[in-house]
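If you use my numbering, the sequence shown corresponds to residues 399 to 672, in order. All residues carry an ideal CB built from backbone N, CA and C; glycine is no exception.
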Amino acid sequence: MGDSAPDTGPRPEPDIDDTVPQSARIWNYWLGGKDNYPVDRAAGDQFVAAYPQIVDIARHSRAFLSRAVRYLAGPVGIRQFLDIGTGLPTVDNTHEVAQRVAPESRIVYVDSDPLVLSHARALLTSRPEGATSYVDADLRDPARILAEAGRTLDLSEPVGLMLLNILGHVADYDEARAVVRHLMGALPTGSHLVIADGTDVVTGEAFRSAIEMWNQASDAPYHLRTPELIAGFFEDVEILEPGVVPVSRWRAEAGPFGEPDEVDEFCAVGVKRS
Numbered sequence: 399m400g401d402s403a404p405d406t407g408p409r410p411e412p413d414i415d416d417t418v419p420q421s422a423r424i425w426n427y428w429l430g431g432k433d434n435y436p437v438d439r440a441a442g443d444q445f446v447a448a449y450p451q452i453v454d455i456a457r458h459s460r461a462f463l464s465r466a467v468r469y470l471a472g473p474v475g476i477r478q479f480l481d482i483g484t485g486l487p488t489v490d491n492t493h494e495v496a497q498r499v500a501p502e503s504r505i506v507y508v509d510s511d512p513l514v515l516s517h518a519r520a521l522l523t524s525r526p527e528g529a530t531s532y533v534d535a536d537l538r539d540p541a542r543i544l545a546e547a548g549r550t551l552d553l554s555e556p557v558g559l560m561l562l563n564i565l566g567h568v569a570d571y572d573e574a575r576a577v578v579r580h581l582m583g584a585l586p587t588g589s590h591l592v593i594a595d596g597t598d599v600v601t602g603e604a605f606r607s608a609i610e611m612w613n614q615a616s617d618a619p620y621h622l623r624t625p626e627l628i629a630g631f632f633e634d635v636e637i638l639e640p641g642v643v644p645v646s647r648w649r650a651e652a653g654p655f656g657e658p659d660e661v662d663e664f665c666a667v668g669v670k671r672s
């Protein structure tokens, strides 16, 4: 493993309750991962029965992450990534995509779930030319995130800030915007902002009803936002083409039957010009 942030001492193993479904494990299940339990699979299947499109959303979301990171690490030349709301490791994690393009890339993962961090430390190992590190912090504490990330990243150089499926967990929109503003305000010109979150513009009431069911049972309630509200996170950040679009449509190649179907998760990538 490459160098990383200084260790702060032994970490106790998290208490894992395999009798209660957990959102990160359910998402892992939808992506075909193995870090889940029967209770998570049962809850995931229940959600799929109510809203089958969630599996497509999960998979298109992961594919968008891969395309966005390849773009930033490739043509843009970003060599540092701050990925907040990591989730459980699965296929094509941020550091794997970035380091395939540029092995020297440095990545900081941030999550507040001890189970996620335990799995991340075990499975998300850097190539020797680069570095990965892990911060135990809540999105609502951007000052702590930046202070800890600065141990691994040079915050005077451009950073790719990844906020995928995390801002919807902040109920108050103005609070969520303030968090993004704080994070981007600390990053230099040339940094890029990558956001994706759930909407209800494609399937409407079907997704709203499924999310309501999720929120009644979940440890992490989620709040859908319109594409216009997602665009509002890009304050003082120039949104790049093709704008705010479904994750399935962001710079995706058309297949033999045309463009991929739209899904109810919208995204955008932007650059901080000054």
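Bounds of the alpha helix (DSSP H) holding residue 437 are 436 to 448. Contact annotation: residue 642 and residue 629 have beta-carbon atoms nearer than 8 Å. About 4 Å separates the Cβ atoms of residue 504 and residue 529, confirming a contact at the 8 Å cut-off.
For residue 464, the enclosing alpha helix (DSSP H) starts and ends at 452 to 469. Contact between the stretch 578 to 597 and the stretch 413 to 429 is absent: fewer than three C-beta pairs spanning the two stretches fall below 8 Å. Segment contact: the stretch 621 to 640 against the stretch 431 to 441, fewer than three CB-CB distances shorter than 8 Å; contact not assigned. Where residue 596 is concerned, the enclosing beta strand (DSSP E) starts and stops at 590 to 596. Here residue 486 is near residue 514, since their CB atoms are less than 8 Å apart.
The DSSP-derived three-state label of residue 628 is helix. Taking a contact as a CB-CB distance under 8 Å, the pair residue 463 and residue 492 counts as one, their CB atoms being some 7 Å apart.
The shortest C-alpha to C-alpha distance from residue 525 to any of 495, 535 and 541 is the one to 495. Three or more pairs of CB atoms, one per stretch, sit closer than 8 Å, so the stretch 581 to 592 contacts the stretch 538 to 552. With the rule of 3 Cβ pairs closer than 8 Å, the stretch 646 to 666 counts as touching the stretch 450 to 470. Each residue's CA atom was taken as its position, placing residue 516 and residue 415 some 14 Å apart.
Secondary structure note for residue 664: its beta strand (DSSP E) is the uninterrupted segment 663 to 669. Around residue 421, the same chain offers 616, 617 and 618 as residues with beta carbons nearer than 7 Å, after the five sequence neighbours per side are excluded. Scanning the stretch 470 to 523 for uninterrupted alpha helix (DSSP H) segments of 4 residues or longer gives 492 to 499 and 512 to 521, listed from N- to C-terminal end. Bridge pairing for residue 529: 504 [DSSP]. At a Cβ-Cβ threshold of 8 Å, residue 663 and residue 594 count as neighbours. In this structure, the straight-line span from the alpha carbon of residue 561 to that of residue 509 is close to 11 Å.
Between residue 667 and residue 638 a beta carbon distance of about 5 Å is seen, short of the 8 Å cut, so the two are scored as contacting. The Cβ-Cβ distance between residue 419 and residue 438 falls below 8 Å. By the neighbour-count criterion, in which a residue is buried when 16 or more other Cβ atoms sit within 10 angstroms of its Cβ, residue 654 is exposed. Of all alpha-carbon atoms in 448, 453, 468 and 446, the one lying nearest the alpha-carbon of residue 649 is that of 468. Boundaries for residue 544: no beta strand (DSSP E) harbours it, while the alpha helix (DSSP H) harbouring it runs 540 to 547, taken from the DSSP string. Look at residue 551 here: in three-state DSSP terms it is coil, with no helix or strand label. Here residue 645 carries a helix assignment [DSSP, helix/strand/coil].
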